[in-house]
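Sequential numbering of the sequence shown, starting at 1, is according to the UniProt record's numbering.
Quick reminder that beta carbons are idealized off the backbone N, C-alpha and C, glycines included.
Please read these numbers as outputs of a predicted model, since none were measured by experiment.
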Amino acid sequence: MFIDTLELLRTLSVRMLVVDEGAQVLESVPSDQPAMDVSWLGPEIARRVPFRAEMPLLEGGWLHFRGAPMADGRCAIAIVPSSGLRQAFLTRLLTPSLWRLGRDGRIIEATDCLAEWLGTSADAMVGTHFSDWMTPQGVGQRFEAEFRTLGHGRKRAVVHRATSEILGGGSVDVIADVTEEHRTRARLAEEVERMKALAHTDALTGLPNRRAFESALDAAQRSLEPFALALIDVDDMKGINDTYGHMAGDHALVEIAKALARTVRDSDLVARIGGDEFAVILPQATRTTAERIGPRLRECLNVMVDEIGAVSASMGLIHRDDCADDMQRVADLALYADKMRHRGDPEPTKA
1 MFIDTLELLR TLSVRMLVVD EGAQVLESVP SDQPAMDVSW LGPEIARRVP FRAEMPLLEG
61 GWLHFRGAPM ADGRCAIAIV PSSGLRQAFL TRLLTPSLWR LGRDGRIIEA TDCLAEWLGT
121 SADAMVGTHF SDWMTPQGVG QRFEAEFRTL GHGRKRAVVH RATSEILGGG SVDVIADVTE
181 EHRTRARLAE EVERMKALAH TDALTGLPNR RAFESALDAA QRSLEPFALA LIDVDDMKGI
241 NDTYGHMAGD HALVEIAKAL ARTVRDSDLV ARIGGDEFAV ILPQATRTTA ERIGPRLREC
301 LNVMVDEIGA VSASMGLIHR DDCADDMQRV ADLALYADKM RHRGDPEPTK A
């Protein structure tokens, strides 16, 4: 007897039959289901190859039959009611990828479909230990395993196990290939991470955007560590766009971004927070560190752009020790004062 009981079949409204060469039912799981005549499948069973067949239901829908030859002329048949994607999954799950294990874990018999999936033959599997073919990643009635296939690398499957007292303490395993599901989940996870990155990245410069900057600034302000903040604004960006065009203006922004990224430390954050605005957070920077980096930042803000020539930017740099709170507002005031100096205008009077 190939299968004693599979509660999984009952839960999923799926039926499994074991029939002889003449299509007479030897066993039905679940056992409390009405008798079913499958004599019409006799020609398919006689061919001794995996087969598929369908039967229309009067109330609508279909019954899907999936058969797999077994030892001594017997055949295992899974009967799955149609229900869209669920039916497609169950069909693959419960048809012919099965093996029967003895008490010692050695394979007593296996279906041809499972053997083909593993790149071998059912006869070659008989007598081998199940661990020769898979490494379980769990225990119990349902677990996931990695299978070693011959000539095809490794595949992953979910194993549904049913123990059987009639089989002398052995078990029947239903093996469902989830290799593609794993690949799909991995691709989806990569796509989610990519979308998260895009949500925090400026499309033009590739720098972190305002959202990423605000998150980093909030974290820095909540910490007890010293840090410095620089706000930067490209000089006369409107004039550049009006005179040379927006493509040239974008080129200027990219060159400023590159210059800033080359100048700061690996631990610093450079972000584009607006059209012509950038910000730099210098974490764990003492006042001495900020005073040393400040002139280097100012110097790098003078760049040469092919279509334009010299492009400059103004900067306001503030250290945490310089203000009790609202560093962004104080840095913005310092930026405005620097921009006035670039224009040759008098600096604003301090309140």
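query                                                                                                           : result
Residue nearest to I308 in terms of C-alpha spacing, selected from G239, R103, L150 and T201                    : G239
Closest residue to Q328 among R298, T289, F278 and E291 (Cα-Cα distance)                                        : F278
Buried/exposed call for V19, threshold 16 Cβ in 10 Å                                                            : buried
Those residues which DSSP pairs with F147 across a bridge                                                       : M134 and K155
Cβ neighbour criterion (16 or more within 10 Å) applied to L17                                                  : buried
Where the alpha helix (DSSP H) through D125 begins and ends                                                     : It is Met, not Asp, that sits at residue 125 in the sequence shown. That run of the alpha helix (DSSP H) goes A122 to M125.
Spatial neighbours of D177 in its chain, beta-carbon cut-off 8 Å, leaving aside the 5 residues before and after : R92, S97, W117, K155, R156 and A157
C-alpha distance - D173 paired with F147, whole-angstrom precision                                              : 14 Å
Simplified DSSP state of P81, which is helix, strand or coil                                                    : strand
4-residue-minimum alpha helix (DSSP H) runs that sit fully inside the region 245-274, ordered along the chain   : 246-263
Test item: CB-CB of A228 and A313 under 8 Å                                                                     : no
Presumed contact (8 Å Cβ cut-off) between residue 356 and T128, rounded CB distance                             : With the chain covering 1 to 351 only, the question about residue 356 has no answer from this structure.
W40 classed as buried or exposed, judged by whether at least 16 other C-beta atoms fall within 10 angstroms     : exposed
Alpha-carbon spacing of E27 relative to Q33, whole angstroms                                                    : 11 Å
The region 252-272 in contact with the region 333-345 per 3-pair CB rule at 8 Å                                 : no
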